[in-house]
Structure formats: structure tokens, C-alpha cells
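Undergrad: Here it is, the structure, as C-alpha cells.
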Amino acid sequence: MPKNSKVVKRDLDDEVIESVKDLLSNEDSSDDAFKKSELMVDDQEEKDADVEEGSDVEDERPAWNSKLQYILAQVGFSVGLGNVWRFPYLCQKNGGGAYLVPYLVLLLVIGIPLFFLELSVGQRIRRGSIGVWNYISPKLGGIGFASCVVCFFVALYYNVIIGWSLFYFSQSFQHPLPWDQCPLVKNASHTFVEPECEKSSATTYYWYREALNISSSLSESGGLNWKMTICLLAAWVMVCLAMIKGIQSSGKIMYFSSLFPYVVLLCFLIRGLLLNGSVDGICHMFTPKLEIMLEPKVWREAATQVFFALGLGFGGVIAFSSYNKRDNNCHFDAVLVSFINFFTSVLATLVVFAVLGFKANIINEKCVTQNSEKILKLLKAGNLSQDMIPHHINFSSITAEDYNLVYDIIQKVKEEEFDALGLKSCQIEDELNKAVQGTGLAFIAFTEAMTHFPASPFWSVMFFLMLVNLGLGSMFGTIEGIITPIVDTFKVRKEILTVICCLLAFFIGLIFVQRSGNYFVTMFDDYSATLPLLIVVILENIAITRIYGIDKFMEDLKDMLGFSPSQYYYYMWKYVSPLVLLLLLVASIVQMGLSPPGYNAWIEDMAIEEFHSYPTWGMIICISLMVLAILPVPIVFLVRRCNLIDDSSGSLAAVSYKRGRIIKEPVNLEGDNTSLIHGKSPSEVPSPNFGKNIYRKQSGSPTLDTAPNGRYGIGYLMADVPDMPESDL
1 MPKNSKVVKR DLDDEVIESV KDLLSNEDSS DDAFKKSELM VDDQEEKDAD VEEGSDVEDE
61 RPAWNSKLQY ILAQVGFSVG LGNVWRFPYL CQKNGGGAYL VPYLVLLLVI GIPLFFLELS
121 VGQRIRRGSI GVWNYISPKL GGIGFASCVV CFFVALYYNV IIGWSLFYFS QSFQHPLPWD
181 QCPLVKNASH TFVEPECEKS SATTYYWYRE ALNISSSLSE SGGLNWKMTI CLLAAWVMVC
241 LAMIKGIQSS GKIMYFSSLF PYVVLLCFLI RGLLLNGSVD GICHMFTPKL EIMLEPKVWR
301 EAATQVFFAL GLGFGGVIAF SSYNKRDNNC HFDAVLVSFI NFFTSVLATL VVFAVLGFKA
361 NIINEKCVTQ NSEKILKLLK AGNLSQDMIP HHINFSSITA EDYNLVYDII QKVKEEEFDA
421 LGLKSCQIED ELNKAVQGTG LAFIAFTEAM THFPASPFWS VMFFLMLVNL GLGSMFGTIE
481 GIITPIVDTF KVRKEILTVI CCLLAFFIGL IFVQRSGNYF VTMFDDYSAT LPLLIVVILE
541 NIAITRIYGI DKFMEDLKDM LGFSPSQYYY YMWKYVSPLV LLLLLVASIV QMGLSPPGYN
601 AWIEDMAIEE FHSYPTWGMI ICISLMVLAI LPVPIVFLVR RCNLIDDSSG SLAAVSYKRG
661 RIIKEPVNLE GDNTSLIHGK SPSEVPSPNF GKNIYRKQSG SPTLDTAPNG RYGIGYLMAD
721 VPDMPESDL
């Protein structure tokens, strides 16, 4: 062989060796890329352990700055306007102090167990409501969407109430207060009191005419009330600015918004106890009527109040707890927040009835004075004999006790003619028995009482600032129940989503600041949340106890808390709570069916409230609110059950959760994409469109006629099939 031919052979051998090395190196690099691109295969257990131990796998998930901040956030969400204007009314209506017995029993049976359940699932899975229930069972993912819809409906009208409070707050910086007296109307000849105000009262007139400028019916829109429109805009701006950075921004505000109401309530309690008649109000409040406690209606209303007082089903509780460390003692949090909520309701009840007792005392004194003047006129006219009147009675400074003595004597003597005399029984209990709740308590009864306080503008400013803070605390949790699940699931920017959500809610909320807006607030309050939330919480309970498994859940709690929770919770979750919730749901449906659907309209000419039934279109809205709120549950179930949407389409069906980690399938990958080969992390790597072919050819790889799973199938990568069991992966 010639010499140069050896050189050629050596060169050919070198080329062959280098080609083999290249092939092997390509295979090794492709294998490495394949390992990097796998979705939870070899190191699944290790990653799961990291997630469960609260590591940073969760892509920089925010966390509370301190345990105190978290507790204040939960307290701020659960303690809301209902504690101030709903609980005292229920307490008075349902047996006074005896009402606390069924309330406490139901707090222990459904309140604390279900609150603990929501805290623990949020902390365990570290996702919002959508992610949590997708993790438990993809078919029940609609529970989270239903919670978001209910939160949105409630936020729409709840912020309107904050707007009303802002309006009254802004009007409180003047003396005398603008609702202190009826306005005077001047015409060409004389000045007279506004007839609508004269027929009702100064505070009632100011609420309906000056603040709301209310129309006479739901059908009569009347256009926008610009004062309330501006207040609503201010309320949404406050919520947006507080929530735009999530818990980093809202968490700091909690120190003020959650604590300030307690300062105000304590100040009002101390001031109220120093007023005449306050003790009468408190004694009336807590005098137990044990016979009422046996009525089923009392237990139904107590269960409803427990349910809504803790914010169950809204998703806010889950969202807040999802920012906790995994080993946080959520059982302690559940018990603490529940009892703080209860004692806040009792404190608010003391304050309300101390002030209402003072108001009743003033009204009673006026009644005694007016009727004493009537008796004097009857004595002068000879209609009554002076011999009827005891000698020690002095009508110029008569007390309530002396007047009632004279009243009883006249009633006995003039039995047949008594009604014609026009005398009234001035009993302080009669005034206290007038049950007032909601806006009627806050914006009419309480404002009237404050006009009699020394330095009334100061107390008015404090009271309405307290209402604003109570409302904002609940709004933060409600908006968090919308924002957190959507951000977790669809990976959108929190700031942009918050602004869009608040803008959308403001524009939809304009229906509540029409002249007929108060009637829409009543409609939404009655129909948008009650039944949907009950269904949501029942499904939550079933999802944990029946689908996820109560035994497995108890093991998870033991792993998280470091100790085994009481078996009490096991039996409550598995048997008692679902049964009580089902009974409450049935009772609520029956109550809704028996109560005629309608609202109290303000009739300007007569200056009274009159019950009106909803028109046909109003009934359609009421039904639509309930249906829309619960509709996501069956829709998601059918989509997941019947595979109606291709999992690769990027829709809600393409979002799957495995062991606390979210994997979102991409939207339609048609072309070649080598991102998997280049070693991107799973969250950055799109999966191929397996609806057409579960294999994808590697870009730039040689064309090989071997099978994809063969030794030389390195140019093809197997896509992750969501329905495939993890063991098969």
C-alpha cells in the first residue's frame, strides 16, 4: 500500500472515531435534556418532599410578615358589618341572652370545624380555592370557580355600603350634624318643615332623601346619584390600592383596619354606659326568653349567622391561609379567630343596646311629656276628674313611673271611653322591642342616638370610620378570594388583574348608586350568596371526607401540625357537619319559598316603607344570581367527566394539579419547539399537542427510520399525558 494511502486510512479512521464520539455525545446530551424536560418522573418524590416542607418550589409565593399580621387579616375578614348590625338584631329577636346558647352550640358543631377545614386545606396545598379543589379532585374544580363568582357578587354590593359609610363620614365634620333636625322649606308666604321629614324623622329623611334620594320602586331607576357614585369610586380606589400588591400591601393596612374597630367599640361602650337608659337597654338585651330558644327558626337563623360570620365558602379563608408556612398551627388559628369573632359580636351587641337604651329613654321622656300635657288639657276640659289623679303627682316634672301610674288609673276608670282619649302607654320596653337591623340600625337608629351625644360630630366621625374599616377588612378577604385563585391558576400578573377586577366591579356597581340602587342591594344580599355558599361548603366537606379521604386528611394534619387533631373533628367532618349543613340548606330553601320575594320601598308621600313584590324581570335576576353562582360546579364536572375540551387547548380543563404543583398545558403547539431539549424547567416548558400525536420530532435531528422508543429514538420526546397515572410515568 502506498505511503500516502496509509495517511488517508488514518484520516478515515479518525473521522469514524470522531463521528462515533459525536453520536455518543449527542445521545448523552439528548438524554440529559430528556431528564431535564421530564415532568415529575425520577425525582418526583424528592420534589414533593420539598413542596411539602414549604421550600421555594412554589415560585416565590408571598408569605405573611408575621403571625400577628395573618391573624389580623383573618379577623378582619370574618369580623364585618354583620357583627355590628346583624348579630344584635338576631339576639334581640330570638330570645335575648338565650340566643347565645344555640349560637355557641352551632359554632362548635359547624363553625369551628369547617373554618379549621378551610384553613388547613389552604395551608396544606398552598393554592387559592380553584387550585385547592382541583388538587382534591379535578371534577370538583368548579367549587373554586363558584366561590370566585359569589365573592364577585358580594363585592359588588358590599363596597356600596362602604361608599354609604364614606358619605356619612364626610358629612360628620359639622355641628350640628346635618341629620339633627328636619330642614325648613321656604315659599313666598311662610316657612314650614319639610312634610316628608315631619311625617317620619330627621335621620330617616336624611337617609332616604338626602343620602340615597331614593325612588319609589325598583322599576323607577331615576338616574345616577352622583354623590354616591363618587363615594363608590373612592371605595373601589381604596380597595384597589390596598390589594394591588396582594398581602404585601393589604397586610400592613390590617394593623389599622382590624384593630381600629375595637378601639371605637370600647370607646362607645364606655361612653354608652355613662348615658341615662343604657343599663335598661343592656338588661333588655340579655334577659333570656327561654321558650323562644326551642323554636326551629331560632336555630336556623343562628346557624346562618355562624356560617356567614366566619366567611365560610368565600375562598378568602383559603386564600389567606395559603400564604402560611406549612407547619403553622392552623388549629389554634381556627379556634382563636372563631372566638374573637364571637366575642366581637357580643361586644357590638352591648354597644348597640347601650346606645339604643339611651335613645329609647329620650323617646320615652318625650312621650311622657306629650301625654302629660294631654292629660292636663283633659282635666281642664272636664273630660277627666281631678279625683283620679294621686295627690303626689306633679305634671310639671312627672317621671315615667308616675305617668304609668296615672295612665293605669285612667284606663281602669274610663274603660269604655279610653281609646277616644288618645293617650299612649310610654314604656321603654316598647321602644326597645322595635327590632332594627342592617342599614336601618347604622344609618337611622344609631345616627339618631348620636345626635343626643355631647360632642356628637366626634362620635359620628368615629362610628362611620369604624364602619369603613369593618367593611374594608371584609372586602380585602373577599377580593383575595377572587384574585389569589385566578393568579395561581392562570399565572396572570396580580397588579393588572386587581385593577381590571376593581374597574369592572365599579362599572357594574353603578346599578347600586341609581336612585333605585338600594333595592338592588337588597336583592343581591338576599339571593346572590346564601344558597350558593351553602352548596359550596357542603361540596367542600364531601370532597375532603369522601373523595380525598378523611383518614388521609387526618394524616396530613398530623404531618403538618406535629400532633393528631382531636377525633372530635373526624366525626364532625364525616357525619355531623354535612348533616347540619344539609338541614340548613333545606330550611333555607323552604324559608325562601314561604317568604314572598320582594323589597321594602320608600313611599315619599306617606313617608313610610311599603312592601313591593319583585316584577317579572326582577325575579329573573334573582334566579339568575343563584344559578350563575353555582353553575361552574356542574359545568366543570361535565367538562372533566366527559373530556369535552381537549386538554391541550389551554382551557380550564388543561390545568391539572399533582401533589401541590401546578402544570399548565400550552395553547396549540403546531411548529417545532426545542425548548425541552435546551433544558428549561418544567414550568417554562410547553408540552406538545398530544391530541394529534403524542410524539414530537426533535428539531435538527437526523431522519431515522427506527421506532420512536428504539435505541435511536433520541430525536423524539414523549409528551406528558395528564390522565396517565403517576406510577405509569
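Read in order, the letters of the sequence shown correspond to residues 1 to 729 in UniProt numbering. Even glycine gets a Cβ: it sits at the ideal position worked out from N, Cα and C.
(1) Using the beta-carbon count (16 or more within 10 Å), is Phe167 buried or exposed?
(2) Less than 8 angstroms separating the beta-carbons of Phe320 and Glu480?
(3) Tell me whether Ser66 is buried or exposed, calling it buried when 16 or more other Cβ atoms sit within 10 Å of its Cβ.
(4) Quick check: the Cα distance between Asp387 and Ile363, rounded to an integer number of angstroms?
(5) In this structure, does DSSP put Val413 in helix, strand or coil?
(6) Take the Cβ of Ala309 as the centre, count every other Cβ of all protein chains shown within 10 Å, and call the residue buried at 16 or more, exposed below.
(7) Between the Cα of Ile482 and those of Gly313, Ile136 and Pro390, spot the shortest distance and give me the residue it belongs to.
(8) Can you find the residues in the same chain that come closer than 8 angstroms, C-beta to C-beta, to Ser425, ignoring five residues on each side of it along the sequence?
(9) Would you say Thr344 and Asn94 are within 8 angstroms of each other, going by their C-beta atoms?
(10) Does the beta-carbon distance from Lys139 to Arg640 come in below 8 angstroms?
(11) Scan the region 98–144 and note each continuous alpha helix (DSSP H) run of 4 residues or more that stays entirely inside, going in chain order.
(12) Do the region 525–540 and the region 565–583 touch if we need at least three Cβ pairs shorter than 8 angstroms?
(13) Give the secondary structure of Phe192 by DSSP, where H, G and I count as helix, E and B as strand, and everything else as coil.
(14) Would you mind sorting Gly671 into buried or exposed? The rule is 16 or more other CB atoms within 10 Å of its CB.
(15) Give me the residue from Ser137, Gly315 and Ser201 with the minimum Cα distance to Glu448.
(16) How would you write the range of the alpha helix (DSSP H) that Trp602 sits in, first residue to last?
(17) Looking at C-alpha atoms only, which residue of Asp430, Gly222, Val586 and Leu531 is the closest neighbour of Phe512?
(18) Reducing DSSP to helix, strand and coil, say where His612 ends up.
(19) Given 8 angstroms as the limit, is there contact between the region 272–289 and the region 355–362, that is, 3 or more CB pairs closer than that?
(20) Reducing DSSP to helix, strand and coil, say where Val154 ends up.
(21) With a threshold of 7 angstroms on Cβ separation, who are the neighbours of Ile389 within its own chain once the five nearest residues in sequence on each side are excluded?
(22) Can you list, in chain order, the residues of its chain whose CB lies under 7 angstroms from that of Cys367, leaving out five sequence neighbours each side?
(23) Inspect the beta-carbon positions of Ile130 and Cys151 and report whether they are closer than 8 angstroms.
(24) From the DSSP output, which residues share a beta bridge with residue 797?
(25) Please classify Trp236 as buried or exposed, where buried requires at least 16 neighbouring CB atoms within 10 angstroms.
(26) In whole angstroms, give me the CA-to-CA distance for Glu417 and Asn394.
(27) Taking the beta strand (DSSP E) that Lys186 belongs to, which residues open and close that run?
(28) Contact between the region 151–165 and the region 175–186 is defined here as three or more beta-carbon pairs at a separation below 8 angstroms; is this criterion met?
(29) Roughly how many angstroms separate the alpha carbons of Leu273 and Leu350, rounded to a whole number?
(30) Taking all protein chains shown into account, decide if Thr203 is buried (16 or more other Cβ within 10 angstroms of its Cβ) or exposed.
(31) In angstroms with no decimal places, state the Cα-to-Cα distance between Leu531 and Ala629.
(32) Heavy atom of the ligand PLP less than 7 angstroms from the Cβ of Asp408, yes or no?
(33) Would you kindly work out how many angstroms separate the C-alpha atoms of Val239 and Val306, rounded to a whole number?
(34) DSSP three-state call for Asn276: helix, strand or coil?
(35) Can you find the residues in the same chain that come closer than 7 angstroms, C-beta to C-beta, to Phe507, ignoring five residues on each side of it along the sequence?
(36) Hey, would you say Leu534 sits closer than 8 angstroms to Ser595, going by beta carbons?
TA: For this structure:
(1) buried
(2) yes
(3) exposed
(4) 29 angstroms
(5) helix
(6) buried
(7) Gly313
(8) Asn404 and Tyr407
(9) no
(10) yes
(11) 100–106, 112–125 and 129–136
(12) yes
(13) strand
(14) Model confidence at Gly671 stands at a pLDDT of 38, short of 50, so the residue's coordinates are unreliable; what they give is reported in the following sentence. It counts as exposed.
(15) Ser201
(16) Taken as a continuous stretch (DSSP letters only), Trp602 belongs to no alpha helix (DSSP H), being part of the beta strand (DSSP E) at Gly598 to Ile603.
(17) Gly222
(18) strand
(19) yes
(20) helix
(21) Val406
(22) Lys424 and Cys426
(23) no
(24) Only positions 1 to 729 of the chain appear in the structure, and residue 797 is not among them; the question remains open.
(25) buried
(26) 24 angstroms
(27) Leu184 to Lys186
(28) no
(29) 9 angstroms
(30) buried
(31) 9 angstroms
(32) In the structure on display, the ligand PLP does not appear, and there are no ligands present to speak of.
(33) 26 angstroms
(34) coil
(35) none
(36) no
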